[in-house]
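Q:
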Amino acid sequence: MVGAIILSIIIGIAAFFIHPLLYIGLALMGLIGWQRVRREREHFHTRVLRIRADYVVPFLPGLIAGSLLSLVTIVIGLTVSIDWLWLLLIVYLLTIVTMNIRWISPAYVGAFMIGVVLLAPFVTTGWPWFDERLQSASQIPVLVIMYLTVLLLSAEGMLIAKRGGSFSSPVVVRSKRGKWVGFHRVKRLWLLPVVLFIPEGAIPTFSFWPILTVAGVSLQPLVVPFLIGTDFKIWSSLPKVVSRKVGNQVLGLALTLALIVCITWYVPWLSVLFAIVAIVGREGIHLMAKIKDRSSTSLFTNQGTGCKVLGILPGSPAEKMGIKIGETILRVNGKMVNNEYSFYEALQENSAFCRLEVIDKAGEVRFAQGALYDGEHHQLGVLLVKEDRELQDSVI
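Each residue of the sequence shown is one higher than the one before, starting from 1 at the first, in UniProt numbering.
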């Protein structure tokens, strides 16, 4: 019995690993990481995190979120078909080819799925095999798509709120006035393994494969990969602050859609309203956050007094001293600083030890000090908004 259960788990995991969307998602994560590293090297002559960070950072949160959603889908016995899964893959591919990561959101994918399923009975492509698959996929109730959309959108909100601001990427660009300003970019793709059910016999199984019988119908569990993407820029605040607000707004949208689902039980045509609210709501959250952020004063700019910390290199002396993104360094080794050049000059006063006077995010002054050892970063490891006067290395 125990051996059969273990084999069932192995087969469930194997089903996950043969799904094309898994490898498409992994390739996309690699592309996101490669683009990030190339941009960071261009702006700072170094990368903040390795490419593998775009795999490692979202791995555990995605696994936990997928496991929590699976508890719900198992309890309610959420059932789809193989043709429905192929249709889902096609919709995902259509969002991915836009190369706009934030379109890989349950709000857009779910709304597009609803639109395709509702229009399928009235559409023919002239390809009999494809039309047959499409008609088969449309037999799955629209409510199933709505349930999944609400669950996945809730996961998106939690992931953005809790993890979106972690390990964001610093960027520097020229403002309209020709000055250098910095911002943080949150660009992340999460991979969630979620358990769904398909009718028994839809795929070959073994005698020990676990079967769930609901209303006289035998169902087989299947682990399916889902992708959740987000991409937004933060100019006027700290990454974790904005991510928390955006995530909570996405959770609010998920709650609104859940209420529409309840009403759709009695008024089926509201599934159209569900799709519209999902797209308009998610797009509205993005646009409102963007407008509010850009209308405020940029946080990461060159100041008359002190240097604003745009980023910290992992494992650097600055990280060990407890320097945080968004803090302002007033003095280095007793000297006032106001740009990367004066910062660098002050740091050379003592190449083995440095003492910093820092204004934290609460406006309080504190002191940080530490040794600079051989084998570590030859600089402090802070990223500042650069000046037109270039240093040999823009990392201090």
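Each residue gets a CB set at the ideal place from its N, CA and C atoms; glycine is no exception.
1) What distance in whole Å lies between the Cβ atoms of T301 and V277, which are believed to be in contact at a cut-off of 8 Å?
2) Please identify the residue among A371, V280, G326 and C354 whose C-alpha is closest to the C-alpha of G363.
3) Looking only at its chain, what residues have a beta carbon closer than 8 Å to the beta carbon of L313, apart from the 5 residues adjacent to it on each side?
4) Pull up the CB-CB distance for L159 and I263, whole angstroms please, since I reckon it's below 8 Å.
5) Kindly indicate which three-state DSSP category I101 falls into: helix, strand or coil?
6) Please state whether the Cβ-Cβ distance between G306 and N333 is less than 8 Å.
7) From S236 to L287, what distance separates their C-alpha atoms?
8) Among Q303, L310 and Q220, which one has its Cα closest to the Cα of A15?
9) Buried or exposed, going by whether 16 or more other CB atoms sit within 10 Å of the CB of I291?
10) Identify, in the order they occur along the chain, each residue of the same chain with its Cβ nearer than 6 Å to the Cβ of F353, setting aside the five sequence neighbours on each side.
11) Looking at Q249 and I285, is the spacing between their C-beta atoms short of 8 Å?
12) Evaluate L356 with the Cβ neighbour count: other Cβ atoms within 10 Å of its Cβ, from every protein chain shown; 16 or more gives buried, anything less gives exposed.
13) At which residues does the beta strand (DSSP E) containing F167 begin and terminate?
14) State the DSSP-derived secondary structure class of L196, mapped to helix, strand or coil.
15) Identify every run of the alpha helix (DSSP H) within the region 261 to 312, keeping only runs that are complete inside it and at least 4 residues long; order them along the chain.
16) If contacts are defined as beta-carbon pairs under 8 Å, then Y92 and L21 qualify, I think. What distance do you get, rounded to the angstrom?
17) Cβ atoms of S175 and K187: under 8 Å apart, would you say?
18) Once you ignore the five residues that flank G281 on each side, which residues in its own chain have a CB closer than 6 Å to its CB?
19) What does the alpha-carbon distance come out to for the pair A215 and R39?
20) Would you report the Cα separation of L71 and L119, rounded to the nearest angstrom?
21) Are the Cβ atoms of L78 and L270 separated by less than 8 Å?
22) For my contact list, C194 and L87 are in at a C-beta cut-off of 8 Å; report their separation, rounded to the angstrom.
23) By the 10 Å Cβ neighbour count, where 16 or more other Cβ atoms means buried, how is V242 classified, buried or exposed?
24) Using only the heavy atoms of the ligand PLP, determine whether one of them is closer than 7 Å to the beta carbon of M146.
25) Give me the Cα-Cα distance between K245 and I64, rounded to the nearest whole angstrom.
26) Assign S296 to buried or exposed, taking buried as 16 or more other Cβ atoms, counted over all protein chains shown, within 10 Å of its Cβ.
27) How big is the Cα-Cα spacing for L273 and F17?
28) Quick one, are the C-beta atoms of V57 and S166 less than 8 Å apart?
29) Which residues in the same chain as G33 place their Cβ atom closer than 6 Å to its Cβ, once the five residues preceding and following it in sequence are excluded?
30) Should V97 and V144 be called a contact, given that it needs their Cβ atoms to be closer than 8 Å?
31) Going by alpha carbons, who is nearest to V181 out of V365, P128 and L310?
32) Tell me whether T73 sits in a helix, a strand or coil according to DSSP, three-state version.
33) Taking buried to mean at least 16 other C-beta atoms within 10 Å of its own C-beta, is M146 buried or exposed?
34) Identify, in the order they occur along the chain, each residue of the same chain with its Cβ nearer than 7 Å to the Cβ of R294, setting aside the five sequence neighbours on each side.
35) Mind checking which residues open and close the alpha helix (DSSP H) that includes G370?
A: In short, the structure shows the following:
1) That pair is no contact at about 38 Å.
2) G326
3) T46, V48, E319, H377, G381, V382, L383 and V395
4) Not a contact, Cβ separation roughly 27 Å.
5) helix
6) no
7) 15 Å
8) Q220
9) exposed
10) A371
11) yes
12) buried
13) That residue, F167, is in no beta strand (DSSP E); it is neither H nor E in DSSP.
14) strand
15) 270 to 295
16) 6 Å
17) no
18) L253
19) The predicted model places A215 with a pLDDT of 47, which falls under 50 and marks its position as unreliable; any figure quoted below should be read in that light. Spanning the two alpha carbons is a distance of roughly 55 Å.
20) 31 Å
21) no
22) Here residue 194 is Val; the residue named in the question, Cys, does not match the sequence. About 16 Å separates the two Cβ atoms, so there is no contact after all.
23) buried
24) Of ligands this structure carries none, so the ligand PLP is not represented either.
25) 21 Å
26) exposed
27) 35 Å
28) yes
29) I51 and D54
30) no
31) L310
32) helix
33) buried
34) W235
35) Counting along the chain, G370 falls outside any alpha helix (DSSP H), though it belongs to the beta strand (DSSP E) covering V365 to A371.
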